[in-house]
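Residue numbers (the working numbering): 2 to 355.
Glycine residues also receive a C-beta, built at the ideal position from the N, C-alpha and C atoms.
Computed from a predicted model, the values in this text were never measured in an experiment.
Take a look at the structure below.
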């Protein structure tokens, strides 16, 4: 098919004809038709044809047409905007100089999409642009830069991100900073963040993110901070608090907590007002502790009505005393029915293999 016929087919009302036209452009590597392909992509209605067009633009040398593709960033159609990211991403390092040259675009949404495209290239040369974007006036651009720099664990940007966290009054930007700090896994970062937020007096808005950060980066020295929140005023955050405590206990081999908190943890396992996940996490903490009469305590947990809690307790008890756990399972099997019976049989088989 000649060039003029392909151009005509791109405008054909028949979807199949348009597909054939795009296939011909790709097969023949008709790079002189790239402008027509770019224009056709914007007005195309068929998802199948659009996706093939994008594949074509990824395969062909579109370098001379980067400016036209960059216009996709300004489209009101999310699909077209994402096409630009995908196409630029496929060009790797070749696209980086152009993308960095338009980072001063007046539209903050476009600047964010440019960052997405730079990261999609997979090039290490996108890092300076990400660092520069930390100083962008638009919070959404800063958030994007913070998140990407955290994911690649860019240590050089840590100081700037801490400064943003301390000085910004944008809550979502500060949350992004907190989530990013988890990637750096440094105790001094945790200490700095807690100082900035006022420690135990922090705004509740930040608590879930702070607890997750402490879980990943904290040490046994941060347990008192976490334990301060282990009370009935913070039940909304129990998943984060108890999970953070358990992670630190495992990581730092902690087996003792102040008596009042050990008691609180044991009662938390029994608290039917909490969901199964919360109760099982509390059980994980109790399992790590050097408790007096530990086997008796876990046998008591086995008596809970919640099937998930009961099974988790039996699993932990089997580690402490395998024979005792099996005897309890056998006793329960005599009265168990349906799902409970099936779960008990499976657990018994699993314990027997250990």
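| query | result |
| --- | --- |
| Buried versus exposed, by CB contacts within 10 Å (16 or more), residue 29 | exposed |
| Candidates 313, 256, 227, 334, of which the one nearest residue 243 by Cα | 227 |
| Residue interval of the alpha helix (DSSP H) (run including residue 147) | 140-152 |
| Chain-order list of residues whose beta-carbon lies under 7 Å from that of residue 167 (same chain, five-residue window excluded) | 197 |
| Residue burial classification, residue 173 (beta-carbon count within 10 angstroms, cutoff 16) | exposed |
| Environment of residue 17 [buried if 16+ CB atoms lie within 10 Å] | exposed |
| Per-residue burial, residue 280 [other beta carbons within 10 Å of its own, 16 or more giving buried] | buried |
| CB contact flag (residue 32, residue 11, <8 Å) | no |
| CB of residue 66 within 8 Å of CB of residue 27, strictly | no |
| Local conformation of residue 66 per DSSP, three classes | helix |
| Which listed residue (103, 110, 337) has its alpha carbon closest to that of residue 130 | 103 |
| Contact set for residue 265: own chain, Cβ-Cβ below 7 Å, skip 5 residues either direction | 231 |
| Simplified DSSP assignment, three categories, for residue 259 | coil |
| Residue 241 versus residue 317: straight-line alpha-carbon distance, rounded | 22 Å |
| Nearest residue (CA-CA) to residue 204, options 170, 271, 299 | 170 |
| Spatial neighbours of residue 136 in its chain, beta-carbon cut-off 6 Å, leaving aside the 5 residues before and after | none |
| Residue range of the alpha helix (DSSP H) that includes residue 104 | From DSSP, residue 104 is part of no alpha helix (DSSP H); its letter is neither H nor E. |
| Alpha carbon of residue 124 to alpha carbon of residue 140, nearest angstrom | 24 Å |
| Same chain only: Cβ atoms within 8 Å of residue 323, ignoring 5 sequence neighbours per side | 352, 355 |
| Cβ-Cβ distance between residue 342 and residue 305 below 8 Å | no |
| Residue 8 versus residue 63: straight-line alpha-carbon distance, rounded | 18 Å |
| Rounded straight-line distance, which links the Cα of residue 202 to that of residue 295 | 35 Å |
| Option nearest residue 149 by Cα separation, candidates 236, 160, 138, 127 | 127 |
| Cβ pair residue 84, residue 50 closer than 8 Å | no |
| Where residue 178 falls, given that 16 or more other Cβ within 10 Å makes a residue buried | buried |
| Assumed close pair residue 246, residue 286 - CB separation to whole angstroms, cut-off 8 Å | 6 Å |
| Whole-Å CB distance - residue 142 paired with residue 116, under 8 Å assumed | 7 Å |
| Enclosing alpha helix (DSSP H) for residue 178 [first to last residue] | 172-185 |
| Alpha-carbon to alpha-carbon, residue 87 and residue 100 | 13 Å |
| DSSP three-state assignment for residue 240, whether helix, strand or coil | helix |
| Three-state secondary structure (DSSP) of residue 30 | coil |
| Sequence-distant residues of the same chain with beta carbon closer than 7 Å to residue 91, five excluded per side | 59 |
| Within 8 Å, strictly: CB atoms of residue 81 and residue 73 | yes |
| DSSP three-state assignment for residue 230, whether helix, strand or coil | coil |
| Under the three-state DSSP convention, the category residue 339 falls into | helix |
| Rounded straight-line distance, which links the Cα of residue 275 to that of residue 236 | 8 Å |
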